[in-house]
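A.B. asks: Residue numbers (the working numbering): 75 to 819.
Backbone N, C-alpha and C fix where the C-beta goes; we use that ideal spot for every residue, glycine too.
Model, not experiment: these values are computed from the prediction.
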Amino acid sequence: MKAWISKWRRHLTRIGISLAVIVFFLTHLVGWVDISFIRQLEAWTYDARLNFTLPNTVDKRIVIIDVDEASLAAEGRWPWNRDKLRKLVDTLFDHYQIRVLGFDVVFAEKDENPVLKQLERLVSDPAYRVLAPALDRIRPLLNRDKTFAEGLKGRPVVLGYYFNQDPKRTVSSGTLPLPVFPVGSFPEKTLSFKTASSYGGNIPMLQEAAATAGFFDNPTTSVDGVFRRVPMLQEYQGAIYESLSLAVARLYLRQPVRTIFAQGYGVGARYHGMEWIGLGPHKIPVDADVATLVPYRGRQGSFPYVSATKVLSQTVPSDINLKDTIAFVGTTAPGLLDLRNTPVQKIYPGVEIHANLVSAILDDRFQHRPAYTLGAELVILVVIGLMLALVLPLLNPVWSVLFTFAVFAATVILNLMVWQYSNFVLPLASPLLLAMVLFVHNMSYGYFVESRSKRQLGGLFGQYVPPELVEEMSKDPQSYSLEGERRDMTVLFSDVRGFTTISEGLNPEELSDLMNAYLTPMTEVIHQHRGTIDKYIGDAIMAFWGAPVRNPDHARHALEAAMAMDARLRDLQEHFAERGWPPIKVGIGLNTGEMSVGNMGSAFRMAYTVLGDAVNLGSRLESLTKKYGVSIIISEFTRNAVPEFVYRELDRVRVVGREKPVVIYEPIGQKLDVSQDALDELTLYRNGLKHYRAQRWDQAELQFLNLQKAHPQRSIYKIYCDRIAVYHVHPPGPEWDGVYTHERK
């Protein structure tokens, strides 16, 4: 944790700017600052999710009686006379036996019968006044409004009307239906309804005859003119009135409208938010304006359409069953101006919006944003913001792109899951835009501010370490310098055996090609394992781990590099043979210990290198590989630092120039990768070593001879057999510590 805190301290300015961006987005979310671009972007993402998850099925429970172009051509221009509308109502209920009828129409004016007008003018003439009593008797028969009203009476018919929200428009017309909640229905609640200043209702005769009426205006249309939400209730002079869709659903379900408020801990008695509107077992989620999101089923045609003229002529296609359905009378004719802009279609019949709402009420299929989702939205922004603000400064550009993309993908997937399975509408544009802004900020900051430090660091260390480590160092350039210091590190020496003989058999060009073909892949391996190239000495390579970048696993990385170099060399032999080059054998020595590291040299030339006794020992171990017939020798110090490998203890030796003995090992492989046969061989070998160091020469010799016969390719068994033969003649004495002293390098 301390390491993370240390890294974050180096990026305080960058993180501070990110936190300011997060706070700015939070102020928009809670409403302190209104950013229209974010609101519009949020609307677009809502539309995208809605279209992505549309059911795209046809609900045959609801039918649209369409006053379309064909109907207007056959029956005459709109508005039709009330006699024709009476016939339409009678046909729908008596012949086709629909359940409920809703008119997406307001009948604001009387239908004057021209015949009645002429008769009234006629009897006004004194010469024809004698006909007045007869006219009074037939007047009701010629009153189209009365005829239509009689057709509405006793039937579940819902008329349409509209409210005005403009305070300047205070003159109303027509008659309102009875409110669903009269004045004073919520004395202990402070509710927020869309409040109307006036209305345009139906003429009294029709309104009184109809079962009820519902408003079809939409004061909650988005600023872009798209129908996403519609109010289910509106207030006028203290009374609460229902929408057309709610009224139709109420008659169909034969259930009263009820309000449902949030309950539970922390919800006050005067909580102003109505959470749901209830119709029997069905619930309609509403927002603070008592509006709901329109749950579109799909594009136009999500409900069966029947031309009104076909109803009048009783020629409805046989594949459309109107019995027990809900019918809406509306229009798709462009000239009648009832086409709306919706998320699913730019030109969409307004009457089908009502049908979508009724369908959703029957299916309990609503997307909604409860008031308490504001808390979830705050948490989402804070979590995404802090995660990116704290993580991006620590990543390189590629990982930053991948991490930001992962955050993007996770946000979208989780948002869609909540949308699809919980029907919650959580913000999507805000977190995605926040992630994008933070990503651009971090990339820009890294490029313009930190790239300068990176270039300086690359100039200092680029010739010594791989680009990946330079990249890592650039995250904290102040921590690296060329000044000398003492560190615990691991050094590697490798050398080509018999290089003089090889070079004598090749011309200069071939020798150069051979060295390049050998040194390049070996260097790649060292770099891949986070090593630093110290120098090339002819065919030899000197490298170290643990500087300039501190690496607590330097011994393991160095050992893995050595074994990878040995494996890579075996792969190269085939290529060398194809070029006609002799096979190459390499010895590698590794040692771990405290070393001096830094820029060392003269006033004329400096080099970033390591010095010390531990370095010299590593060089001596490399020279022993040929004597012991192995590719890699490591010291006991490296072995102790990497316990997860299996090793063969080669010997206890005293090397030239060093009095203190050291145990040397040959690495076999990681414990999980070593076969049982190899482990059994090592067990026998260790038994032989025990006899050898206890000076039980016969038992040791027998053990090593058996191992040599079984594994003649191993030089170590012959080495011990030869030593034992000498010790038989010249015993080392009782003070012998088992150490073999090498007199030459």
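By Cβ distance below 7 angstroms, which residues in the same chain neighbour Glu775 in space, the five residues on each side in sequence not counted?
C.D. replies: Taking the first residue of the sequence shown as 1, we reach residue 775 at position 701. Hits under 7 angstroms: Cys795 and Ile798.
A.B. asks: Looking at the secondary structure, which residues open and close the alpha helix (DSSP H) in which Gly424 lies?
C.D. replies: Residue 424 sits at position 350 when you count from the first residue of the sequence shown. From DSSP, the alpha helix (DSSP H) with Gly424 extends over Gly424 to Asp437.
A.B. asks: Got a sec? Which residues, its chain only, sit under 7 angstroms from Pro293 by beta carbon, not counting five neighbours each side?
C.D. replies: Reading the sequence shown from its first residue, position 219 is the one you call residue 293. The answer, listed in chain order, is Gln239, Lys268 and Pro305.
A.B. asks: Does the Cβ-Cβ distance between Leu512 and Val179 come in under 8 angstroms?
C.D. replies: As a position in the sequence shown, residue 512 is number 438, starting the count at 1. As a position in the sequence shown, residue 179 is number 105, starting the count at 1. Their beta carbons are not under 8 angstroms apart, which means Leu512 does not touch Val179 by this criterion.
A.B. asks: Return the CA-CA distance between Thr131 and Leu146, expressed in angstroms with no decimal places.
C.D. replies: The residue labelled residue 131 in the question sits at position 57 within the sequence shown. The residue labelled residue 146 in the question sits at position 72 within the sequence shown. In a straight line, the C-alpha of Thr131 is about 29 angstroms away from that of Leu146.
A.B. asks: Along the chain, where does the beta strand (DSSP E) that runs through Asn625 open and close?
C.D. replies: As a working note, residue 625 is residue 551 in the sequence shown. That residue, Asn625, is in no beta strand (DSSP E); it is neither H nor E in DSSP.
A.B. asks: Taking the C-alpha atoms as reference points, what is the distance between Phe778 and Glu559?
C.D. replies: Taking the first residue of the sequence shown as position 1, residue 778 is located at position 704. Taking the first residue of the sequence shown as position 1, residue 559 is located at position 485. Straight-line Cα distance between these residues: approximately 46 angstroms.
A.B. asks: What are the start and end residues of the alpha helix (DSSP H) that includes Leu226?
C.D. replies: As a position in the sequence shown, residue 226 is number 152, starting the count at 1. Residues Arg218 to Leu226.
A.B. asks: Nearest CA to the CA of Asn665: which residue from Val486, Leu753, Asp121 and Leu685?
C.D. replies: As a position in the sequence shown, residue 665 is number 591, starting the count at 1. Among Val486, Leu753, Asp121 and Leu685, the Cα nearest to that of Asn665 belongs to Leu685.
A.B. asks: Are there three or more Cβ pairs, one per stretch, closer than 8 angstroms when the segment 87 to 105 is compared with the segment 452 to 470?
C.D. replies: Verdict: yes, contact present.
A.B. asks: Could you tell me the alpha carbon to alpha carbon distance between Glu809 and Asn690, rounded to whole angstroms?
C.D. replies: Numbered from its first residue, the sequence shown carries residue 809 at position 735. Numbered from its first residue, the sequence shown carries residue 690 at position 616. Glu809 and Asn690: Cα-Cα distance of roughly 28 angstroms.
A.B. asks: Whole angstroms are fine: how far does the CA of His442 sit from the CA of His169?
C.D. replies: Taking the sequence shown and counting its residues from 1, the one referred to as residue 169 is at position 95. Taking the sequence shown and counting its residues from 1, the one referred to as residue 442 is at position 368. If I take the Cα positions, the gap works out to 39 angstroms.
A.B. asks: Classify Leu86 as buried or exposed, calling it buried when 16 or more other Cβ atoms lie within 10 Å of its own Cβ.
C.D. replies: As a working mapping, residue 86 is identified with position 12 in the sequence shown. It counts as exposed.
A.B. asks: I'd like to check one pair, Leu502 with Val514: are the Cβ atoms closer than 8 angstroms?
C.D. replies: Along the sequence shown, one-based indexing puts residue 514 at 440. Along the sequence shown, one-based indexing puts residue 502 at 428. No. Outside cutoff.
A.B. asks: Measuring CA to CA, which of Arg371, Val300, Val257 and Tyr592 is closest to Gln308?
C.D. replies: Residue numbering aside, residue 308 sits at position 234 when the sequence shown is read from its first letter. If we check each option's Cα against that of Gln308, Val257 comes out closest.
A.B. asks: Secondary structure at Arg694, three-state DSSP: helix, strand or coil?
C.D. replies: For this step, residue 694 is matched to residue 620 along the sequence shown. If DSSP states are grouped into helix, strand and coil, Arg694 belongs with the helices.
A.B. asks: Would Glu349 be called buried (16 or more neighbouring beta carbons within 10 Å of its own) or exposed?
C.D. replies: Against the sequence shown, residue 349 aligns to sequence position 275. Answer is buried; the Cβ neighbour count reaches 16.
A.B. asks: The alpha helix (DSSP H) spanning Asn292 covers which residue range?
C.D. replies: Your numbering for residue 292 matches position 218 in the sequence shown. Unbroken run through Asn292: none, as it is neither H nor E.
A.B. asks: Below 8 angstroms CB to CB, which residues in the same chain sit around Val322 once its five sequence neighbours on both sides are set aside?
C.D. replies: What you label residue 322 is simply residue 248 of the sequence shown in a count that begins at 1. Excluding residues within five positions, the ones whose Cβ falls inside 8 angstroms are Val174, Gly176, Val232, Gly288, Ile400, Phe402, His428 and Val432.
A.B. asks: Just to confirm, are Val492 and Leu367 a CB contact at a threshold of 8 angstroms?
C.D. replies: Here residue 492 is taken as the residue at index 418 of the sequence shown, counted from 1. Here residue 367 is taken as the residue at index 293 of the sequence shown, counted from 1. Contact: no.
A.B. asks: Any idea what DSSP makes of Ile351, helix, strand or coil?
C.D. replies: To locate residue 351, count along the sequence shown from 1; it is residue 277. Strand, per DSSP.
A.B. asks: Below 8 angstroms on the Cβ atoms is my guess for Leu353 versus Gln329; work out the distance and round it to an integer in Å.
C.D. replies: One-based indexing of the sequence shown puts residue 353 at position 279. One-based indexing of the sequence shown puts residue 329 at position 255. The pair is a contact, with the Cβ atoms about 5 angstroms apart (cut-off 8 angstroms).
A.B. asks: When you compare only the Cα positions, how much space is there between Trp771 and Tyr801?
C.D. replies: Mapped onto the sequence shown, residue 771 falls at position 697. Mapped onto the sequence shown, residue 801 falls at position 727. If you take the alpha carbons of Trp771 and Tyr801, they lie about 8 angstroms apart.
A.B. asks: Taking the alpha carbon of Val565 as the reference point, which residue from Ser317, Asp587, Arg604 and Gly572 has its own alpha carbon closest?
C.D. replies: The residue you call residue 565 lines up with position 491 of the sequence shown. The shortest C-alpha separation from Val565 is found at Arg604.
A.B. asks: Do you know whose CA, among Val720, Arg694 and Asp587, lies nearest Pro735's CA?
C.D. replies: Position 661 of the sequence shown, counting from 1, holds the residue named residue 735. Among Val720, Arg694 and Asp587, the Cα nearest to that of Pro735 is on Arg694.
A.B. asks: If you drop the 5 nearest sequence neighbours on each side, which residues of the same chain put their C-beta closer than 6 angstroms to that of Trp655?
C.D. replies: Here residue 655 refers to the residue found at position 581 when the sequence shown is read from its first residue. Contacts found: Leu588.
A.B. asks: Please classify Trp106 as buried or exposed, where buried requires at least 16 other C-beta atoms within 10 Å of its C-beta.
C.D. replies: Within the sequence shown, numbered from 1, the residue matching residue 106 stands at position 32. Exposed, since its Cβ has fewer than 16 Cβ neighbours within 10 Å.
A.B. asks: Out of curiosity, what's the CA-to-CA distance linking Pro423 and Met510?
C.D. replies: The count along the sequence shown starts at 1 and reaches residue 423 at position 349. The count along the sequence shown starts at 1 and reaches residue 510 at position 436. If you take the alpha carbons of Pro423 and Met510, they lie about 38 angstroms apart.
A.B. asks: Whose CA, out of Pro786, Asp219 and Val813, lies closest to the CA of Ala182?
C.D. replies: Along the sequence shown, read from residue 1 onward, the residue named residue 182 stands at position 108. Nearest C-alpha to Ala182: Asp219.
A.B. asks: Give every residue of the same chain whose Cβ lies closer than 7 angstroms to the Cβ of Asp185, excluding the five residues on either side of it in the sequence, and list them in chain order.
C.D. replies: Counting from one through the sequence shown, the residue named residue 185 turns up at place 111. Contacts found: Asn155, Arg156, Arg218 and Asp219.
A.B. asks: Write down the C-beta distance between Asp725 and Gly661 rounded to the nearest angstrom, noting that I regard them as a contact closer than 8 angstroms.
C.D. replies: For the purposes of this step, residue 725 is taken as residue 651 along the sequence shown, with counting starting at 1. For the purposes of this step, residue 661 is taken as residue 587 along the sequence shown, with counting starting at 1. Not quite, the Cβ-Cβ distance comes to about 15 angstroms (not below 8 angstroms), so this is no contact.
A.B. asks: When we look at the beta-carbon of Gln494 and count the other beta-carbons within 10 Å, is it buried (16 or more) or exposed?
C.D. replies: Locating residue 494 in the sequence shown gives position 420, counting from the first residue. So Gln494 ends up on the exposed side.
A.B. asks: Would you give the residue range spanned by the beta strand (DSSP E) that Val359 belongs to?
C.D. replies: Residue numbering aside, residue 359 sits at position 285 when the sequence shown is read from its first letter. The amino acid at residue 359 is misidentified as Val; the sequence shows Pro. Run containing Pro359: His356 to Pro359, per the beta strand (DSSP E) assignment.
A.B. asks: Kindly give me the distance between the Cβ atoms of Arg642 and Val704, rounded to whole angstroms, as I take these residues to be in contact under 8 angstroms.
C.D. replies: What you label residue 642 is simply residue 568 of the sequence shown in a count that begins at 1. What you label residue 704 is simply residue 630 of the sequence shown in a count that begins at 1. The Cβ separation is near 17 angstroms, so there is no contact.
A.B. asks: Within its chain, find whatever has a CB closer than 6 angstroms to the CB of Asn415; leave out the 5 residues flanking it on each side and keep chain order.
C.D. replies: Here the question's residue 415 lines up with position 341 in the sequence shown. Within the same chain, Asn415 has close Cβ partners Gly299 and Val300.
A.B. asks: What three-state label does DSSP hand Ile607 in the structure shown?
C.D. replies: Here residue 607 is taken as the residue at index 533 of the sequence shown, counted from 1. Looking at Ile607 - three-state DSSP - the assignment turns out to be strand.
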